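Residue numbers (full-length UniProt numbering): 1 to 202.
C-beta atoms are modelled at their ideal positions from N, C-alpha and C, and glycine is treated no differently.
Just so you know, these numbers come straight off a predicted model, no measurement behind them.
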(Lines of atoms letter the chains of each structure in order from A; the text may use other names.)
(Lines give C-alpha, C1' and ligand atoms only; values in the text may rest on other atoms or scores of the structure.)
Protein backbone atom coordinates (compact mmCIF):
# COMPACT_ATOMS: atom_id res chain seq x y z
CA UNK A 1 0.00 0.00 0.00
CA UNK A 2 1.39 3.41 -0.96
CA UNK A 3 1.93 6.18 1.58
CA UNK A 4 -0.85 8.19 -0.08
CA UNK A 5 -3.30 5.28 0.14
CA UNK A 6 -2.38 4.73 3.79
CA UNK A 7 -2.96 8.41 4.52
CA UNK A 8 -6.33 8.33 2.74
CA UNK A 9 -7.39 5.25 4.71
CA UNK A 10 -6.42 6.86 8.01
CA UNK A 11 -8.29 10.03 7.11
CA UNK A 12 -11.37 8.01 6.19
CA UNK A 13 -11.18 6.03 9.43
CA UNK A 14 -10.84 9.23 11.43
CA UNK A 15 -13.92 10.70 9.75
CA UNK A 16 -15.83 7.48 10.38
CA UNK A 17 -14.88 7.52 14.08
CA UNK A 18 -15.89 11.16 14.39
CA UNK A 19 -19.21 10.46 12.70
CA UNK A 20 -19.87 7.45 14.94
CA UNK A 21 -19.16 9.55 18.02
CA UNK A 22 -21.44 12.31 16.77
CA UNK A 23 -24.30 9.94 16.01
CA UNK A 24 -23.88 8.26 19.40
CA UNK A 25 -23.99 11.61 21.19
CA UNK A 26 -27.13 12.77 19.38
CA UNK A 27 -28.88 9.47 20.10
CA UNK A 28 -28.10 9.85 23.80
CA UNK A 29 -29.18 13.49 23.89
CA UNK A 30 -32.54 12.40 22.49
CA UNK A 31 -32.88 9.39 24.80
CA UNK A 32 -31.57 10.84 28.08
CA UNK A 33 -31.29 14.57 27.56
CA UNK A 34 -28.14 16.62 27.05
CA UNK A 35 -27.55 17.33 30.74
CA UNK A 36 -27.90 13.65 31.64
CA UNK A 37 -25.37 12.48 29.05
CA UNK A 38 -21.65 12.33 29.88
CA UNK A 39 -18.62 11.97 27.65
CA UNK A 40 -18.19 8.52 29.20
CA UNK A 41 -21.71 7.61 28.07
CA UNK A 42 -20.87 8.70 24.54
CA UNK A 43 -17.66 6.66 24.53
CA UNK A 44 -19.54 3.59 25.73
CA UNK A 45 -22.29 3.98 23.12
CA UNK A 46 -19.69 4.41 20.36
CA UNK A 47 -17.69 1.46 21.73
CA UNK A 48 -14.50 3.47 22.03
CA UNK A 49 -12.21 4.93 24.68
CA UNK A 50 -13.07 8.12 26.55
CA UNK A 51 -9.81 9.67 25.32
CA UNK A 52 -10.93 9.08 21.73
CA UNK A 53 -14.03 11.16 22.35
CA UNK A 54 -11.91 14.08 23.57
CA UNK A 55 -9.57 13.71 20.59
CA UNK A 56 -12.50 14.54 18.32
CA UNK A 57 -14.74 16.67 20.56
CA UNK A 58 -12.87 18.49 23.32
CA UNK A 59 -16.04 19.39 25.23
CA UNK A 60 -19.65 18.26 25.18
CA UNK A 61 -20.90 21.49 23.61
CA UNK A 62 -18.74 20.67 20.57
CA UNK A 63 -21.34 18.06 19.64
CA UNK A 64 -23.95 20.83 19.52
CA UNK A 65 -21.65 22.93 17.35
CA UNK A 66 -21.24 19.97 15.00
CA UNK A 67 -25.00 19.42 14.91
CA UNK A 68 -25.58 23.03 13.90
CA UNK A 69 -22.77 22.90 11.35
CA UNK A 70 -24.21 19.83 9.64
CA UNK A 71 -27.61 21.47 9.34
CA UNK A 72 -26.11 24.63 7.88
CA UNK A 73 -24.13 22.55 5.40
CA UNK A 74 -27.27 20.71 4.27
CA UNK A 75 -29.08 24.01 3.80
CA UNK A 76 -26.19 25.46 1.79
CA UNK A 77 -26.02 22.31 -0.32
CA UNK A 78 -29.71 22.76 -1.16
CA UNK A 79 -29.07 26.36 -2.25
CA UNK A 80 -26.14 25.33 -4.45
CA UNK A 81 -27.98 22.34 -5.91
CA UNK A 82 -30.58 24.71 -7.35
CA UNK A 83 -27.96 27.26 -8.46
CA UNK A 84 -29.51 29.95 -6.29
CA UNK A 85 -26.35 31.61 -4.97
CA UNK A 86 -26.63 34.50 -7.43
CA UNK A 87 -30.39 34.75 -7.32
CA UNK A 88 -32.29 37.49 -5.42
CA UNK A 89 -31.86 37.42 -1.65
CA UNK A 90 -35.48 36.41 -1.06
CA UNK A 91 -34.99 33.21 -3.09
CA UNK A 92 -31.69 32.34 -1.40
CA UNK A 93 -32.97 32.89 2.13
CA UNK A 94 -36.25 31.13 1.45
CA UNK A 95 -34.56 28.00 0.09
CA UNK A 96 -32.02 27.97 2.90
CA UNK A 97 -34.69 28.31 5.60
CA UNK A 98 -36.99 25.80 3.95
CA UNK A 99 -34.18 23.25 4.17
CA UNK A 100 -33.53 24.09 7.82
CA UNK A 101 -37.24 23.74 8.54
CA UNK A 102 -37.41 20.38 6.75
CA UNK A 103 -34.49 19.07 8.80
CA UNK A 104 -36.29 20.09 11.98
CA UNK A 105 -39.59 18.62 10.85
CA UNK A 106 -37.99 15.34 9.80
CA UNK A 107 -36.26 14.91 13.16
CA UNK A 108 -38.29 16.87 15.70
CA UNK A 109 -37.09 14.86 18.71
CA UNK A 110 -33.49 15.49 17.71
CA UNK A 111 -34.19 19.19 17.18
CA UNK A 112 -35.87 19.49 20.57
CA UNK A 113 -32.93 17.79 22.30
CA UNK A 114 -30.08 19.53 20.49
CA UNK A 115 -31.55 22.96 19.90
CA UNK A 116 -32.86 23.11 23.43
CA UNK A 117 -29.39 22.26 24.73
CA UNK A 118 -27.74 24.78 22.41
CA UNK A 119 -29.98 27.58 23.67
CA UNK A 120 -29.12 26.84 27.30
CA UNK A 121 -25.48 25.75 26.97
CA UNK A 122 -23.98 27.81 24.13
CA UNK A 123 -23.96 31.42 22.98
CA UNK A 124 -26.34 30.66 20.14
CA UNK A 125 -27.98 34.09 20.25
CA UNK A 126 -24.75 36.02 20.73
CA UNK A 127 -22.59 35.54 17.66
CA UNK A 128 -23.74 32.45 15.79
CA UNK A 129 -22.11 31.13 12.64
CA UNK A 130 -25.55 31.27 11.06
CA UNK A 131 -25.47 35.07 11.38
CA UNK A 132 -22.25 35.17 9.37
CA UNK A 133 -23.79 33.03 6.65
CA UNK A 134 -26.85 35.26 6.46
CA UNK A 135 -24.61 38.33 6.55
CA UNK A 136 -22.72 37.04 3.52
CA UNK A 137 -26.01 36.57 1.66
CA UNK A 138 -27.04 40.14 2.53
CA UNK A 139 -23.65 41.57 1.50
CA UNK A 140 -23.89 39.95 -1.92
CA UNK A 141 -27.44 41.24 -2.36
CA UNK A 142 -26.31 44.71 -1.31
CA UNK A 143 -23.61 44.67 -3.99
CA UNK A 144 -26.32 43.74 -6.48
CA UNK A 145 -28.39 46.75 -5.44
CA UNK A 146 -31.15 44.77 -3.72
CA UNK A 147 -30.40 46.07 -0.23
CA UNK A 148 -30.15 49.67 0.93
CA UNK A 149 -26.54 50.92 1.13
CA UNK A 150 -27.01 52.12 4.73
CA UNK A 151 -27.72 48.57 5.94
CA UNK A 152 -24.91 46.79 7.79
CA UNK A 153 -24.88 43.21 6.40
CA UNK A 154 -23.46 41.82 9.65
CA UNK A 155 -26.26 43.37 11.69
CA UNK A 156 -28.87 42.20 9.19
CA UNK A 157 -27.38 38.71 9.35
CA UNK A 158 -27.56 38.71 13.13
CA UNK A 159 -31.17 39.90 12.98
CA UNK A 160 -32.09 37.08 10.61
CA UNK A 161 -30.28 34.47 12.71
CA UNK A 162 -31.82 35.72 15.95
CA UNK A 163 -35.27 35.63 14.37
CA UNK A 164 -34.62 32.07 13.19
CA UNK A 165 -33.42 30.85 16.58
CA UNK A 166 -36.27 32.62 18.35
CA UNK A 167 -38.81 30.96 16.08
CA UNK A 168 -37.19 27.54 16.49
CA UNK A 169 -37.05 28.02 20.25
CA UNK A 170 -40.80 28.65 20.34
CA UNK A 171 -41.44 25.70 18.03
CA UNK A 172 -39.68 23.19 20.32
CA UNK A 173 -41.27 24.37 23.58
CA UNK A 174 -44.31 22.09 23.46
CA UNK A 175 -44.58 18.36 22.83
CA UNK A 176 -46.48 18.87 19.58
CA UNK A 177 -45.43 21.44 17.00
CA UNK A 178 -47.43 24.58 17.90
CA UNK A 179 -47.29 26.16 14.45
CA UNK A 180 -46.11 25.62 10.88
CA UNK A 181 -42.37 26.20 11.18
CA UNK A 182 -41.70 26.66 7.48
CA UNK A 183 -44.52 29.17 7.09
CA UNK A 184 -43.35 31.19 10.08
CA UNK A 185 -39.77 31.31 8.80
CA UNK A 186 -40.82 32.45 5.34
CA UNK A 187 -43.00 35.14 6.89
CA UNK A 188 -39.99 36.34 8.86
CA UNK A 189 -37.97 36.63 5.67
CA UNK A 190 -40.68 38.79 4.12
CA UNK A 191 -40.92 41.08 7.16
CA UNK A 192 -37.18 41.60 7.47
CA UNK A 193 -36.63 42.09 3.75
CA UNK A 194 -39.30 44.78 3.67
CA UNK A 195 -37.22 46.69 6.20
CA UNK A 196 -33.85 46.43 4.44
CA UNK A 197 -34.71 46.26 0.74
CA UNK A 198 -33.65 49.06 -1.56
CA UNK A 199 -36.39 51.27 -2.97
CA UNK A 200 -37.68 50.14 -6.33
CA UNK A 201 -36.78 52.49 -9.19
CA UNK A 202 -39.65 54.83 -9.94
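- A check of alpha carbon separations from residue 62 across 103, 149 and 114 identifies 114 as the nearest.
- In the DSSP assignment, residue 107 falls outside any alpha helix (DSSP H), carrying neither H nor E.
- By alpha-carbon distance to residue 144, the top candidate from 17, 90, 10 and 45 is 90.
- When the beta-carbon positions are compared, residue 172 and residue 126 stay at least 8 Å from each other.
- Taking the Cβ atoms as the reference, residue 147 lies roughly 6 Å from residue 198, within the contact range of under 8 Å.
- Relative to residue 21, the option among 57, 37, 33 and 182 whose CA is nearest is 57.
- Rounded to whole angstroms, the separation of the alpha carbons of residue 31 and residue 24 is 11 Å.
- The beta-carbon separation of residue 71 and residue 100, rounded to 6 Å, stays under the 8 Å limit for a contact.
- When secondary structure is reduced to three states using DSSP, residue 144 falls in the coil class, being assigned neither helix nor strand.
- By the criterion of a C-beta distance shorter than 8 Å, residue 15 is surrounded by no residue of its chain, once the five residues flanking it on both sides are discounted.
- Of the candidates 33, 19, 195 and 141, 33 places its Cα closest to the Cα of residue 111.
- Around the C-beta of residue 37, 16 or more other C-beta atoms lie within 10 Å, and the residue is accordingly described as buried.
- DSSP, read as helix, strand or coil, puts residue 161 in helix.
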